[in-house]
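Undergrad: Quick one: the structure is below, questions incoming.
In structure tokens:
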């Protein structure tokens, strides 16, 4: 027989989902910074007249980093959807509202609209 959700497990689920979203926000930001670094590196290599092979490899790294932004952004959107669904389901619970992660979860969901 399935276990009935409790306020404690609801709080824990909100904390877990909030942590996932926070981690993915950092991951997307990191990949964006990394992309900028690789872009400037490729441009510098081109202007310095470096070997075509080296430029090609640096461009491949840049392309892979751009793909990681797309992947991380998709995972972030999925995690935000899950957090939003969970908050819709248990957000009215006073125990969940009293949890430390509740304001952060609300803030993350509010920033999604930006």
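Numbering (UniProt numbering), first residue to last: 1 to 114.
C-beta atoms are modelled at their ideal positions from N, C-alpha and C, and glycine is treated no differently.
Since this is a predicted model, take the numbers as computed values, not measurements.
#1: Could you give the distance in angstroms between the alpha-carbon of residue 106 and the alpha-carbon of residue 72?
#2: Whole-angstrom Cβ separation of residue 108 and residue 21, contact assumed at under 8 Å?
#3: Entirely within the stretch 42-82 and at least 4 residues each: give me those alpha helix (DSSP H) ranges in chain order.
#4: Does the beta-carbon of residue 53 have 16 or more other beta-carbons within 10 angstroms, so that it is buried, or is it exposed?
#5: How far does the alpha helix (DSSP H) with residue 105 in it reach, from first residue to last?
#6: Use the C-beta contact count for residue 1: other C-beta atoms within 10 angstroms, 16 or more gives buried, fewer gives exposed.
#7: Can you give the Cα-Cα distance for residue 66 and residue 33, rounded to whole angstroms?
#8: Assuming contact is defined by CB atoms lying nearer than 7 Å, are residue 110 and residue 11 in contact in what I supplied?
#9: I'd like to check one pair, residue 45 with residue 61: are the Cβ atoms closer than 7 Å?
#10: Report the residue from 49, 70, 94 and 42 whose alpha carbon sits nearest the alpha carbon of residue 57.
TA: Let's see:
#1: Taking the first residue of the chain shown as position 1, residue 106 is located at position 106. Taking the first residue of the chain shown as position 1, residue 72 is located at position 72. Spanning the two alpha carbons is a distance of roughly 21 Å.
#2: The count along the chain shown starts at 1 and reaches residue 108 at position 108. The count along the chain shown starts at 1 and reaches residue 21 at position 21. About 5 Å separates the CB atoms of residue 108 and residue 21; that is less than 8 Å, so the two are in contact.
#3: Considered as a whole, the stretch 42-82 harbours no complete run of any alpha helix (DSSP H) with no fewer than 4 residues.
#4: One-based indexing of the chain shown puts residue 53 at position 53. If you draw a 10 Å sphere on the C-beta of residue 53, you find fewer than 16 other C-beta atoms in it, and that means exposed.
#5: Counting from one through the chain shown, the residue named residue 105 turns up at place 105. Residue 105 -> alpha helix (DSSP H) spans 102-112.
#6: Taking the chain shown and counting its residues from 1, the one referred to as residue 1 is at position 1. Any reading at residue 1 is ruled out, since the residue's pLDDT is 44, under 50, leaving its predicted position unreliable.
#7: To locate residue 66, count along the chain shown from 1; it is residue 66. To locate residue 33, count along the chain shown from 1; it is residue 33. Taking the straight line joining both Cα atoms gives about 11 Å.
#8: The residue you call residue 110 lines up with position 110 of the chain shown. The residue you call residue 11 lines up with position 11 of the chain shown. The answer is no: Cβ separation not under 7 Å.
#9: What you label residue 61 is simply residue 61 of the chain shown in a count that begins at 1. What you label residue 45 is simply residue 45 of the chain shown in a count that begins at 1. No, these two residues do not count as a Cβ contact at 7 Å.
#10: By one-based count along the chain shown, residue 57 stands at place 57. Ranking 49, 70, 94 and 42 by Cα distance to residue 57 puts 42 first.
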